[in-house]
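Reading through the structure tokens given below for one structure.
4 protein chains.
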Amino acid sequence: MDKLVCVKDFEEAAFRILDNNALQYYKSGADDELTLSDNKDAFKRWMIRPRMLRDVSKRNISTTVLGKPVAFPLGVSPTAMQRLAHPDGECANVRAAASMGTIYILSTISTSSLEEVAAAAPNGRKWFQLYVYKDRDLTASLVKRAEKCGFEALVFTVDAPYFGRRRANLRDGFALPPHLRLANFPKGSENSEALGKDRHSAFAFHDALLDQALTWEDVHWLRKLTKLPIIVKGILLPEDAETAIQYGATGVMVSNHGARQLDTVAATIDALPGIVERVAGRCEVYLDGGVSTGNDVYKALALGAKMVFAGRALLWGLAVGGEQGARKILQIYRDEFDLTMALTGTPNVDSLTRDCVRKYGMTSHL
Amino acid sequence: MDKLVCVKDFEEAAFRILDNNALQYYKSGADDELTLSDNKDAFKRWMIRPRMLRDVSKRNISTTVLGKPVAFPLGVSPTAMQRLAHPDGECANVRAAASMGTIYILSTISTSSLEEVAAAAPNGRKWFQLYVYKDRDLTASLVKRAEKCGFEALVFTVDAPYFGRRRANLRDGFALPPHLRLANFPKGSENSEALGKDRHSAFAFHDALLDQALTWEDVHWLRKLTKLPIIVKGILLPEDAETAIQYGATGVMVSNHGARQLDTVAATIDALPGIVERVAGRCEVYLDGGVSTGNDVYKALALGAKMVFAGRALLWGLAVGGEQGARKILQIYRDEFDLTMALTGTPNVDSLTRDCVRKYGMTSHL
Amino acid sequence: MDKLVCVKDFEEAAFRILDNNALQYYKSGADDELTLSDNKDAFKRWMIRPRMLRDVSKRNISTTVLGKPVAFPLGVSPTAMQRLAHPDGECANVRAAASMGTIYILSTISTSSLEEVAAAAPNGRKWFQLYVYKDRDLTASLVKRAEKCGFEALVFTVDAPYFGRRRANLRDGFALPPHLRLANFPKGSENSEALGKDRHSAFAFHDALLDQALTWEDVHWLRKLTKLPIIVKGILLPEDAETAIQYGATGVMVSNHGARQLDTVAATIDALPGIVERVAGRCEVYLDGGVSTGNDVYKALALGAKMVFAGRALLWGLAVGGEQGARKILQIYRDEFDLTMALTGTPNVDSLTRDCVRKYGMTSHL
Amino acid sequence: MDKLVCVKDFEEAAFRILDNNALQYYKSGADDELTLSDNKDAFKRWMIRPRMLRDVSKRNISTTVLGKPVAFPLGVSPTAMQRLAHPDGECANVRAAASMGTIYILSTISTSSLEEVAAAAPNGRKWFQLYVYKDRDLTASLVKRAEKCGFEALVFTVDAPYFGRRRANLRDGFALPPHLRLANFPKGSENSEALGKDRHSAFAFHDALLDQALTWEDVHWLRKLTKLPIIVKGILLPEDAETAIQYGATGVMVSNHGARQLDTVAATIDALPGIVERVAGRCEVYLDGGVSTGNDVYKALALGAKMVFAGRALLWGLAVGGEQGARKILQIYRDEFDLTMALTGTPNVDSLTRDCVRKYGMTSHL
Ligand SMILES: Cc1cc2nc3c(=O)[nH]c(=O)nc-3n(C[C@H](O)[C@H](O)[C@H](O)COP(=O)(O)O)c2cc1C
Ligand SMILES: Cc1cc2nc3c(=O)[nH]c(=O)nc-3n(C[C@H](O)[C@H](O)[C@H](O)COP(=O)(O)O)c2cc1C
Ligand SMILES: Cc1cc2nc3c(=O)[nH]c(=O)nc-3n(C[C@H](O)[C@H](O)[C@H](O)COP(=O)(O)O)c2cc1C
Ligand SMILES: Cc1cc2nc3c(=O)[nH]c(=O)nc-3n(C[C@H](O)[C@H](O)[C@H](O)COP(=O)(O)O)c2cc1C
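Residue numbers (the UniProt record's numbering), protein chains in the order written: chain A, 1 to 366; chain B, 1 to 366; chain C, 1 to 366; chain D, 1 to 366.
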């Protein structure tokens with residue numbers, strides 16, 4: 001693991017370690033996977049504008065999110081079924097995040113339960129990502145358990161009424177191996193076994209359980225159900241960010257679900273500035289999708305994100321080295337971000353403004 | 001065939017199945033084949049703008065074309081000599097289209113006759129693509145037979161007074177194998193045998209039969225000949241769309257003949273918006289060329305096409321699995337389009353507006 | 001040769017046929033050869049705007065240049081030492097051009113003399129490309145011989161006071177093989193043997209004979225020397241075209257010497273529109289550099305060139321098949337151009353206007 | 001060495017010659033090395049606008065820098081530890097520069113001392129690049145020694161409070177081989193041995209010695225310490241150039257440290273025009289980063305640089321042939337630049353104006 005010095009190194013190593021069932025599920029994007037690569041490439045189309053000779057001997061890269069501190073502005077996106085990567089799965093991941101002082105978001109369709117994850121890192125900051133099922137009682141009970149387990153916020157994912165077409169999975173199928181199950185649901189229930197179905201109907205079966213009739217009104221429904229802050233995840237347009245605020249969202253996460261839902265939508269970093277402009281400070285804006293280096297974190301913050309999250313990178317970390325691998329990933333992001341702050345003359349996140357970056361190709365305003 | 005989950009998969013499979021004579025004829029584009037790839041690439045330069053949390057539990061992806069319903073807005077472009085792909089050729093293709101509730105366009109230079117095709121799918125929607133021969137009586141008789149066989153419209157192809165330079169065919173020649181003939185012409189006639197000539201003169205011989213002196217006045221001539229709606233196929237410029245309307249065209253099909261005629265013309269999806277703007281609702285506008293995924297269908301409709309068509313994709317389907325292969329292709333387009341509608345919050349085609357897409361690179365107006 | 005259906009096919013064949021000394025000399029461009037490929041690529045960035053349903057049954061692709069007819073608007077650029085490609089060299093080339101009804105430009109540093117070339121095609125249209133040597137008497141005598149041999153115009157090359165840095169030649173050297181010489185100079189003279197010097201000093205030696213002190217005043221000097229029209233070859237900027245006209249040039253040839261002199265200058269087709277605009281009809285404008293297909297000819301004429309020329313393509317033709325190969329190249333250009341005229345609805349060169357093409361990427365004005 | 005005719009040839013040769021420790025250190029850039037390639041590519045996005053028929057028989061490519069002459073406007077950037085490339089290291093390099101009549105900049109962390117380098121080329125123009133250590137006395141003594149040894153200017157590097165993340169070095173470590181040391185520091189001192197530490201802590205150890213609290217006030221500190229002109233190296237933004245002038249910098253060097261510090265900053269040639277505009281003649285502006293051909297030198301001067309510098313190219317020269325190799329590199333730059341001057345009609349550097357170049361893609365203003 002010593003020779004792995006950047007996220008990309010971990011990705012390459014994980015590709016060699018993971019079995020095909022898990023690998024195809026983790027790495028795939030929708031359709032032609034154009035947005036999958038664009039999520040990363042788009043960051044590279046933004047240029048950093050470094051200022052020299054500012055005292056950078058004392059830097060502070062911590063920030064606050066929803067009013068509480070994080071050690072650095074990158075957290076862990078919710079990704080399903082982390083025990084496919086490593087036996088310790090979600091528990092290893094949340095421990096890594098907690099030990100690094102950042103936020104872990106647990107997926108609804110996790111292979112460790114809310115309770116297990118809470119127990120693994122009782123003092124870490126944890127949010128719960130919520131899918132809304134046709135069975136609303138079931139959904140409400142998930143929310144209640146999240147409250148009870150000390151999850152601080154609900155991340156309401158709105159971009160996945162159905163799973164996107166990930167061709168490798170359509171071709172070869174996907175099934176949760178028999179020793180794993182969706183741990184947030186009662187053992188033996190259809191929700192729990194959904195993805196353990198035969199390889200070709202797994203996703204369709206799970207799709208059928210989700211509620212496709214969701215509308216913005218359901219944010220009200222959630223609001224009434226709980227006092228937890230609600231972060232709407234999966235926003236790509238200013239219009240939708242506006243609506244989210246009007247329906248009472250506490251925060252908005254710019255995301256295209258890691259390019260797994262719709263191909264040829266905006267790369268998230270390209271979607272960010274318009275949304276930040278529209279939100280105009282009325283709520284916190286987060287982003288995930290394609291964040292691969294500390295420079296990427298820097299750019300997202302310069303463009304107005306309060307914090308960013310990474311999904312797959314943590315899976316690669318888990319696959320390579322369990323909790324320790326996940327922690328190494330977070331350290332890389334932190335150290336790279338810290339160095340970028342130093343080399344750009346930005347001693348703290350408040351100094352990180354729109355002026356710190358520019359789109360390439362607009363050389364007249366370098 | 002189960003492992004083939006997108007049009008591209010079928011294309012790759014067909015490349016392995018087809019003999020060289022057929023493959024080169026089917027796949028080639030004009031000259032350097034730059035427009036051939038651009039037809040596809042251009043779709044990818046348009047970005048989808050998905051709206052979240054709209055009730056997509058009940059979707060309606062059907063539409064009407066020339067006043068009558070189709071199950072979904074993708075039909076079959078006219079491509080010549082489909083029996084090169086599969087013994088059932090045009091008959092398999094029209095049955096696939098009919099069973100899926102969409103439109104089949106029969107080429108003039110087909111290897112099954114108007115009558116055979118009509119008999120194969122008596123209840124399916126069928127249009128007839130017309131080439132105008134120097135022998136106008138012959139041409140008129142084709143029109144009359146189309147009427148009699150229940151074809152609903154004439155698709156008047158205007159971009160092919162000569163065949164384009166497809167280098168593979170110039171190099172290796174092309175000949176219709178002896179067991180096939182151009183079935184719309186009397187057995188043994190020069191029209192029927194044209195493409196069965198020796199490999200190097202086949203196209204030149206057929207060219208010589210076509211009427212290169214055609215002008216817009218000939219739309220009048222056609223109009224007088226028949227009551228069938230006339231769709232002018234092969235329009236790339238707003239000026240020509242305007243003229244088509246003035247000469248009484250019922251519809252306009254934006255097409256560059258699958259990039260087989262002239263290289264470095266506009267990709268059809270790039271040509272569409274200007275034409276739609278100029279037509280301004282005075283007639284229906286269709287498009288073919290490079291449509292490869294359900295996303296592409298979505299984009300063309302957002303940019304104003306009433307319906308789109310696919311040419312080669314159906315040939316790949318035929319080659320791989322005859323009627324069933326062709327049907328699978330149509331299902332893929334339909335399912336992908338349906339999912340795109342769901343994931344963009346677009347429950348029916350009327351909600352599909354110009355605002356649903358944007359050109360990449362104009363990030364300020366995401 | 002039957003399987004060679006486009007210029008690129010001939011190029012590939014010639015690469016296999018030519019010895020390294022000749023091949024490197026012929027194919028090289030200056031420095032990183034970026035302009036070498038850009039000369040071709042730039043044509044592909046221009047889009048053709050085809051008009052439909054115009055009577056194209058009778059087409060006329062001939063035009064006039066300097067007041068006299070050519071069968072089609074592509075001629076032969078001056079390239080040095082054509083006997084490296086084929087024993088018949090310049091004589092084969094000029095016969096091919098004459099038989100096709102177009103113009104041949106003979107290089108000063110040819111391996112066949114003015115007199116030999118004139119004798120090979122007494123009735124063909126021939127121009128003489130002039131390099132000005134420090135020895136002005138020698139230069140004047142070349143002009144006189146050109147007049148006497150029936151060359152119709154002088155093509156005064158202004159972009160080559162020195163040879164550009166073509167790395168392959170710097171690396172491996174170049175020498176005219178012993179059985180060849182620069183045939184326009186007296187046998188045994190230093191001018192005649194210049195390029196036969198040892199492989200490493202050949203170009204330097206020839207450079208030393210040329211006059212680097214040339215200025216626009218020397219167009220006056222030439223003007224006084226001869227009644228022949230003077231075409232200034234090697235113009236890339238409107239300012240220089242303006243000056244050329246002021247100093248009495250009869251025509252201007254937009255050229256970057258086949259990208260052999262300076263790397264990262266404008267591709268000639270990109271340089272053309274600005275020059276045509278500035279010249280505003282005061283003289284004829286020609287172009288060479290990267291013309292590879294009939295479409296390219298079409299685009300250059302649409303952008304205002306009166307005629308275009310091809311250099312290397314004819315060398316590939318010569319290498320593959322001597323006179324017959326060169327003629328085949330000219331036929332390909334002619335036939336491709338003719339077909340482009342037909343498929344764009346342009347029955348003659350007068351219908352070829354600025355409106356027939358557009359730069360890609362300006363979709364709003366398709 | 002005769003077959004090596006351009007900088008790229010030397011680079012390729014050096015890659016085969018250097019051991020991995022040295023090669024990785026020399027060639028690496030920060031992170032994904034996007035700016036590393038962009039530094040070069042960006043030059044190719046600028047187009048040269050050549051003027052014809054100007055007397056170029058007598059050219060003068062010399063210029064003055066800080067009021068004194070150089071034979072041509074390319075000098076040697078400071079690069080650390082040149083004895084990794086060749087036993088004669090800095091001494092060979094400075095001799096090459098002196099013999100060619102140009103400037104050599106010595107790095108603080110060199111493997112030959114100020115005194116050795118001064119002795120190697122007593123009459124050559126030499127500048128000293130300064131890193132500021134936490135130990136200010138040590139720093140001051142370096143300045144004093146530079147004065148005493150006849151270095152004409154201080155090049156104050158401001159973009160490297162820490163070393164950038166060069167992945168190859170993080171992966172494999174780097175250590176100065178035991179027979180070498182940082183020769184400007186007392187033998188056995190921690191400064192001297194810093195980079196000879198074990199392979200994984202070498203850079204961190206050196207980082208710890210540098211002063212990260214530097215601000216613009218330290219330019220004043222330097223100014224008080226010495227009468228030598230101070231050139232601030234590592235400027236990428238007009239704002240910083242402005243500040244540099246206000247704090248008394250004698251010159252500004254546009255540089256991104258050879259893309260070794262921060263990835264996805266501006267390519268230096270793209271950063272240049274904005275800085276030149278802001279500086280508006282108040283001080284000389286230099287540039288380094290990606291200069292690979294004489295054309296590149298030409299473009300930088302056209303865009304307002306007074307002189308440019310090359311870093312790695314000289315290391316490749318040293319590796320291939322010691323002093324002679326370094327000199328050959330400088331000759332190539334000079335000869336290429338000289339030829340560009342000739343072929344563009346620019347007989348001296350004063351004729352080299354903003355109008356001599358244009359960004360590609362702005363064809364309307366060719
Ligand atoms: C394997 C995988 C599973 C995912 N599962 C979920 C999920 O259960 N819920 C959710 O809201 N997002 C899910 N996502 C999306 C992530 O939350 C996140 O948006 C995405 O991974 C960010 O992009 P990145 O992987 O490029 O960092 C998943 C993503 C991946 C790759
Ligand atoms: C093999 C082949 C044969 C074709 N034959 C005809 C034809 O006979 N008549 C016609 O109007 N268009 C013909 N076309 C053009 C198609 O109608 C259609 O415009 C084109 O295939 C659409 O592009 P696509 O293949 O990318 O979907 C043909 C295209 C191909 C590929
Ligand atoms: C091998 C070779 C030799 C050339 N010799 C001459 C020459 O003697 N005089 C001249 O004016 N141009 C010369 N040129 C330039 C050509 O006239 C012409 O500008 C160029 O070849 C056009 O580009 P193309 O090769 O892409 O068609 C030469 C070009 C080549 C490739
Ligand atoms: C191996 C190496 C060592 C360097 N060491 C120093 C240094 O000690 N001080 C400094 O100011 N710049 C240093 N630089 C940066 C160079 O001065 C210069 O900015 C850069 O090499 C220019 O880019 P180029 O290599 O593309 O010409 C170094 C660069 C390289 C490649």
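We put the CB at the ideal spot given by N, CA and C, even for glycine.
### Task
Look at isoleucine 105 (chain D) and valine 155 (chain D) and say whether their C-beta atoms are less than 9 Å apart.
yes
### Query
For the alpha helix (DSSP H) that phenylalanine 43 (chain D) lies in, which residues bound it at each end?
34-44
### Task
Output yes or no for whether 9 Å exceeds the beta carbon distance between residue 368 (chain B) and proline 78 (chain B).
Absent from the model: residue 368 (chain B). The displayed extent of chain B is 1 to 366, so no value can be given.
### Task
Just mark glutamine 246 (chain A) as buried or exposed, buried being the case when its beta carbon has 16 or more other beta carbons within 10 Å.
exposed
### Query
Hey, is alanine 310 (chain D) close to ligand 4, as in C-beta under 8 Å from one of its heavy atoms?
yes
### Task
Can you give me the Cβ contacts of aspartate 338 (chain A) inside the same chain, cut-off strictly under 6 Å, excluding the 5 residues immediately before and after it?
Only Ile61 meet the Cβ criterion.
### Task
Check whether the Cβ of aspartate 288 (chain A) lies closer than 8 Å to any heavy atom of ligand 1, and answer yes or no.
yes
### For glycine 251 (chain C), the first and last residue of its enclosing beta strand (DSSP E)
251-254
### Message
For valine 320 (chain B), would you say it is in contact with chain A, using Cβ-to-Cβ distances shorter than 9 Å as the test?
### Response
The beta carbon of valine 320 (chain B) sits no closer than 9 Å to any beta carbon of chain A.
### Message
Mapping the DSSP letters down to three states, classify tryptophan 216 (chain C) as helix, strand or coil.
### Response
coil
### Query
If we count Cβ pairs, one from each stretch, closer than 8 Å, do we get three or more for the region 65-74 of chain A versus the region 201-210 of chain A?
no
### Query
Would glycine 234 (chain B) pass as a contact of lysine 40 (chain B) if the rule is Cβ separation under 9 Å?
no
### Message
With H, G and I counted as helix, E and B as strand and the rest as coil, what does DSSP make of proline 186 (chain D)?
### Response
coil
### Query
Given 8 Å as the limit, is there contact between the region 113-124 of chain A and the region 141-154 of chain A, that is, 3 or more CB pairs closer than that?
yes
### Query
Could you give the residue range of the alpha helix (DSSP H) that holds residue 432 (chain A)?
Past the edges of chain A, shown from 1 to 366, lies residue 432 (chain A), and the structure says nothing about it.
### Distance, aspartate 9 (chain A) Cα to leucine 222 (chain A) Cα
If you take the alpha carbons of leucine 222 (chain A) and aspartate 9 (chain A), they lie about 41 Å apart.
#### Entry: Uninterrupted alpha helix (DSSP H) stretches inside the region 131-208 of chain A (no shorter than 4 residues)
136-148, 167-172 and 190-193
### Message
Short of 7 Å Cβ to Cβ, which residues in the region 65-95 of chain C face chain D?
### Response
none
#### Entry: Positions along the region 1-25 of chain A whose CB lies within less than 9 Å of some CB in chain D
Asp2, Lys3, Leu4, Val5, Cys6, Lys8 and Asp9
### Message
Assuming methionine 1 (chain B) and glycine 294 (chain B) are in contact, meaning their beta carbons sit under 8 Å apart, how far apart are those beta carbons, in whole angstroms?
### Response
Not really, about 19 Å apart at Cβ, beyond 8 Å.
### Message
Within a Cβ cutoff of 8 Å, which residues of the same chain sit near alanine 140 (chain B), ignoring the five residues on either side of it in sequence?
### Response
Leu225
### Query
With a Cβ-Cβ cutoff of 9 Å, do alanine 259 (chain C) and glycine 75 (chain C) count as a contact?
no
### Query
The alpha helix (DSSP H) with phenylalanine 15 (chain D) in it runs from where to where?
7-17
### Partner residues on chain A for methionine 52 (chain B), Cβ-Cβ distance less than 7 Å
Val158, Asp159, Gly234, Ile235 and Asp240
### Message
Going by C-alpha to C-alpha distance, which of B:Lys197, B:Pro161, B:Arg167 and B:Pro273 sits closest to proline 177 (chain B)?
### Response
Comparing Cα positions, the closest option is B:Lys197.
### Beta-carbon gap between valine 285 (chain C) and isoleucine 275 (chain C) smaller than 9 Å
Their beta carbons are under 9 Å apart, which means valine 285 (chain C) touches isoleucine 275 (chain C) by this criterion.
### Task
Step through the CB atoms of chain C and report whether any lies within less than 9 Å of the CB of alanine 342 (chain D).
At least one beta carbon of chain C lies nearer than 9 Å to the beta carbon of alanine 342 (chain D).
#### Entry: serine 57 (chain C) classed as buried or exposed, judged by whether at least 16 other C-beta atoms fall within 10 angstroms
Result: exposed.
### Message
Against tryptophan 216 (chain D), what residues of chain A qualify as contacts under a CB-to-CB distance less than 7 Å, listed in chain order?
### Response
Leu53
### Query
Between B:Phe72, B:Val320 and B:Val158, which lies nearest to glutamate 336 (chain B) when the distance is taken from Cα to Cα?
B:Phe72
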